[in-house]
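Trainee: Using our numbering, the letters of the sequence shown correspond one by one to residues 41 to 345.
Using N, Cα and C, we set each Cβ at its ideal position, and we do this for glycine too.
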Amino acid sequence: MKNYKLTLAILTVAIVWGTTFLSIRVAVETIPAWFVAGIRQFLAGIIMLMILLFRKEFKWIGWKNLGYQIIFSTLMLVIANGMTTVAEETVTSSLASLMSACSPIAVFLGSVAFGLQKFSFRALIGIILCFSGILFIFWDGLNDLSNPDYLMGIIFLFAAILGWASGTIFTKKLNLQSKNITLNLFYQFLFAGVVQLCFAFLFSETYNFENWSIKSISAMLYLAVFGSVAAFFAFHYALTKISPVQVSILAYINTIISIFLSWLILDEKISAKFIIAAVLIIAGVFIINYNPELFKRKKIEENSI
Numbered sequence: 041m042k043n044y045k046l047t048l049a050i051l052t053v054a055i056v057w058g059t060t061f062l063s064i065r066v067a068v069e070t071i072p073a074w075f076v077a078g079i080r081q082f083l084a085g086i087i088m089l090m091i092l093l094f095r096k097e098f099k100w101i102g103w104k105n106l107g108y109q110i111i112f113s114t115l116m117l118v119i120a121n122g123m124t125t126v127a128e129e130t131v132t133s134s135l136a137s138l139m140s141a142c143s144p145i146a147v148f149l150g151s152v153a154f155g156l157q158k159f160s161f162r163a164l165i166g167i168i169l170c171f172s173g174i175l176f177i178f179w180d181g182l183n184d185l186s187n188p189d190y191l192m193g194i195i196f197l198f199a200a201i202l203g204w205a206s207g208t209i210f211t212k213k214l215n216l217q218s219k220n221i222t223l224n225l226f227y228q229f230l231f232a233g234v235v236q237l238c239f240a241f242l243f244s245e246t247y248n249f250e251n252w253s254i255k256s257i258s259a260m261l262y263l264a265v266f267g268s269v270a271a272f273f274a275f276h277y278a279l280t281k282i283s284p285v286q287v288s289i290l291a292y293i294n295t296i297i298s299i300f301l302s303w304l305i306l307d308e309k310i311s312a313k314f315i316i317a318a319v320l321i322i323a324g325v326f327i328i329n330y331n332p333e334l335f336k337r338k339k340i341e342e343n344s345i
């Protein structure tokens, strides 16, 4: 029973982040994508502020650290999260989650380019598996790319992958470490929320606030409270108890949960080729990231929040 907190944290990350693609798809049914992303991040920032004020930890972080947080927020939240949300206006949540599962491949290739990791034969096998999976995804869907809306959705997904990978590499390259993750997240969420809300008013063809359904609003609130705040705290807590590689395995579970829920709740068609693609991509990413030495670590250094 003494590990019930860790078990709860792992289940929270696996289940909640596994439902985010589904929630985004439901939210954008009646709410413009940039509004969904912007309100989600802005509300998450307000929640972080309330936590900081309650703990009496709210303070100015300095211009240099603020610059780092803005860069990180731009790459990970404005581009990666925002573009994924926009993409789900025209592509299925199952496809979005599976394509996003390729992000670690982009991180690995970028890390090799910047000298942060070494290329290996095992990595080559993983990359081949991953790209084979991508080919299976579009095997029967090449004609769909002739649809401008669908094509833009795919382009947005690739932009999101590059944004997430760039943010991860940026953090690794500068070896950024946070003494107060909650404080940094407040600035990140607030910046992303303001920028995305500006995009919402600039690029949304129509606001139609009166047409926003209760279901879409509920999904958006779920993304803010659980997808952005609760899951992050659970993720951070898990990192203080087990190794990063062990936590990263949750990403594979997230993808499986997301695809299953998309089929179950949204009635999205999951073909045999799509399942093969999912297996190839998940296997490829796992092979690249697998490191038996890291699994031997019982606990990593605890970070303060």
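1) What do you get for R95, buried or exposed, if any count of 16 or more other CB atoms within 10 angstroms of its CB means buried?
2) In whole angstroms, give me the CA-to-CA distance for E129 and Y190.
3) Grouping DSSP H, G and I as helix and E and B as strand, with all else coil, what is L59?
4) Grab the span of the alpha helix (DSSP H) containing S268 for me, first residue to last.
5) For G107 and K212, I'd like the C-alpha separation in whole angstroms.
6) Quick check: the Cα distance between E69 and T114, rounded to an integer number of angstroms?
7) Short of 7 Å in beta carbon distance, which residues of its chain neighbour G56, apart from the five on each side in sequence? Order them along the chain.
8) Taking buried to mean at least 16 other C-beta atoms within 10 Å of its own C-beta, is Y175 buried or exposed?
9) What alpha helix (DSSP H) runs, 4 residues minimum, are completely inside the segment 130-214?
10) Which of the three DSSP states, helix, strand or coil, is assigned to K45?
11) Sorted by chain position, which residues of the same chain lie with C-beta nearer than 7 Å to T60's C-beta, five sequence neighbours on each side aside?
12) Taking DSSP as the reference, what is the three-state secondary structure of T125?
13) Return the residue from the list I110, A77, P144 that minimises the CA-CA distance to G324.
14) In angstroms, rounded to a whole number, what distance separates the CA positions of A205 and N43?
15) Three Cβ pairs or more, each shorter than 8 Å: is that satisfied between the segment 79-86 and the segment 156-173?
16) Among residues of its own chain, excluding the 5 on either side of F196, which ones have a beta-carbon nearer than 7 Å to its beta-carbon?
17) For F243 and W74, I'd like the C-alpha separation in whole angstroms.
Mentor: Inspection of the coordinates gives the following:
1) Translated into the one-based positions of the sequence shown, residue 95 becomes position 55. So R95 counts as exposed.
2) Here residue 129 is taken as the residue at index 89 of the sequence shown, counted from 1. Here residue 190 is taken as the residue at index 150 of the sequence shown, counted from 1. One C-alpha to the other measures close to 9 Å.
3) Within the sequence shown, the letter at position 19 stands for residue 59. The sequence as given places Thr at residue 59; Leu does not occur at that position. T59 falls in the helix class under three-state DSSP.
4) As a working mapping, residue 268 is identified with position 228 in the sequence shown. Bounds of any alpha helix (DSSP H) do not take in S268, whose DSSP letter is neither H nor E.
5) For this step, residue 107 is matched to residue 67 along the sequence shown. For this step, residue 212 is matched to residue 172 along the sequence shown. G107 and K212 have their C-alpha atoms spaced approximately 16 Å apart.
6) Indexing the sequence shown from 1 puts residue 69 at position 29. Indexing the sequence shown from 1 puts residue 114 at position 74. One C-alpha to the other measures close to 25 Å.
7) Indexing the sequence shown from 1 puts residue 56 at position 16. Checking the sequence shown, residue 56 turns out to be Val, not Gly. For V56, where only same-chain residues beyond five positions count, the Cβ hits under 7 Å are F266, G267, A270, A271.
8) Here residue 175 refers to the residue found at position 135 when the sequence shown is read from its first residue. For clarity, residue 175 is Leu in the given sequence; the question names Tyr instead. Burial state of L175 is exposed, judged by a 10 Å Cβ sphere holding fewer than 16 other Cβ atoms.
9) Qualifying alpha helix (DSSP H) stretches, in chain order: 133-140, 143-153, 161-177, 188-214.
10) Numbered from 1 along the sequence shown, position 5 holds the residue referred to as residue 45. Here K45 sits in helix by DSSP.
11) Position 20 of the sequence shown, counted from the first residue, corresponds to residue 60. Same-chain partners within the cutoff: L263, G267.
12) The residue given as residue 125 occupies position 85 in the sequence shown. Reduced to three states, the DSSP call for T125 is helix.
13) For the purposes of this step, residue 324 is taken as the residue at position 284 of the sequence shown. Residue P144 is the option with its Cα nearest to G324.
14) Locating residue 205 in the sequence shown gives position 165, counting from the first residue. Locating residue 43 in the sequence shown gives position 3, counting from the first residue. Per the coordinates, the alpha-carbon of A205 lies some 32 Å from the alpha-carbon of N43.
15) By the Cβ test, the segment 79-86 is not in contact with the segment 156-173, since fewer than three Cβ pairs between them sit closer than 8 Å.
16) Taking the sequence shown and counting its residues from 1, the one referred to as residue 196 is at position 156. Contacts found: M123, V126, A127.
17) Position 203 of the sequence shown, counted from the start, is the residue given in the question as residue 243. Position 34 of the sequence shown, counted from the start, is the residue given in the question as residue 74. Pairing F243 with W74, the inter-Cα distance amounts to about 8 Å.
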